[in-house]
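S.K.: Count along the sequence shown from 1, add 1, and you get the number used in this note's numbering. No residue lacks a Cβ here, since even glycine has one placed at the ideal position from N, Cα and C.
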Amino acid sequence: MSKIFLLALAASFISASCNLETSKFFNDGQVEIKNRKLDVAVSDDPQELRLGLSVVSEISESQGMLFVYDGPSRPNFWMKDMKFPIDIVWIRSNRVADLSLYLEPEPGKKDRELNLYAPSADVDMVLEVTAGWVTANNVQIGDEVKIIF
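Okay, structure coming up:
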């Protein structure tokens, strides 16, 4: 019985430390859309842009990752090594420019087999959030996006 208790206690400490690490990851700034604020990790270097949210096992509905580009572009995103589904909010000049919803992880696929997702027009930022967030918050193309650092 005491072994089970110790295992449960150890598991709770590990879980708490993982949640603490995840919350520290999402403290670069905030994004606000329709009065809903998200704590975000900001990705602006090539390595971070490539890895994205694949480095975490989950995010809450109040967290996301913001990708910032030097200028307008039409980047391709994929679900390589992702562990959970996401929505993508494509942003141009602080407005929602396009949406990609309920993108599922693709475990076991080779890189060349992975689906690529891109906006319909050039963007200067991209926001990844947990799948369903866009629909739950009625986010629409044209909505204002506020970035808070």
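1. Please list the segments of the alpha helix (DSSP H) lying wholly inside the region 25–53, counting only runs of 4 or more residues, in order along the chain.
2. Suppose you measure from the CA of D144 to the CA of V69; what does that come to, to the nearest Å?
3. For a quick check, are the C-beta atoms of F150 and G30 less than 7 Å apart?
4. For R37, which residues in the same chain have their Cβ closer than 8 Å to its Cβ, ignoring the five residues on either side in sequence?
5. Buried or exposed for S44, going by 16 or more other Cβ atoms inside 10 Å?
6. Within 10 angstroms of its Cβ, does D88 collect 16 or more other Cβ (buried), or is it exposed?
7. What residue from P108, Y118, S63 and F26 has the CA that sits closest to F85's CA?
8. For a quick check, are the C-beta atoms of I92 and V41 less than 7 Å apart?
9. What is the residue span of the alpha helix (DSSP H) that W134 lies within?
10. Taking Y103 as the reference, which of K110, E129 and K111 has the closest Cα?
11. By Cβ distance, which residues of its chain are closer than 6 Å to D151, with the 5 residues on each side in sequence left out?
12. Could you give the distance in angstroms between the alpha-carbon of A11 and the alpha-carbon of V57?
13. Whose C-beta lies closer than 6 Å to the C-beta of V124 among residues of the same chain, with five residues either side of it excluded?
14. Thinking just about the alpha-carbon of each residue, which of T136, A119 and L39 is nearest to the one in E62?
15. Checking 7 Å against the spacing of the C-beta atoms, do I60 and T136 come in under that value?
16. For P47, is the classification buried or exposed, using 16 other Cβ atoms within 10 angstroms of its Cβ as the cut-off for buried?
M.R.: By the coordinates alone:
1. Inside the region 25–53, DSSP marks whole alpha helix (DSSP H) runs of 4 or more residues at positions 47–52, from first to last along the chain.
2. 18 Å
3. yes
4. N138
5. buried
6. Per the 10 Å Cβ criterion, buried.
7. P108
8. no
9. W134 to A137
10. Taking only the C-alpha atoms, the option nearest Y103 is E129.
11. Outside the shown range of the chain, which is 2 to 150, sits residue 151, and nothing can be said about it.
12. In this prediction, A11 scores a pLDDT of 36, lower than 50, which makes its location untrustworthy; the coordinate-derived value is nonetheless stated afterwards. Between A11 and V57, the C-alpha separation is close to 21 Å.
13. Closer than 6 Å at Cβ, skipping near neighbours: W91, I92, R93 and A98.
14. L39
15. no
16. exposed
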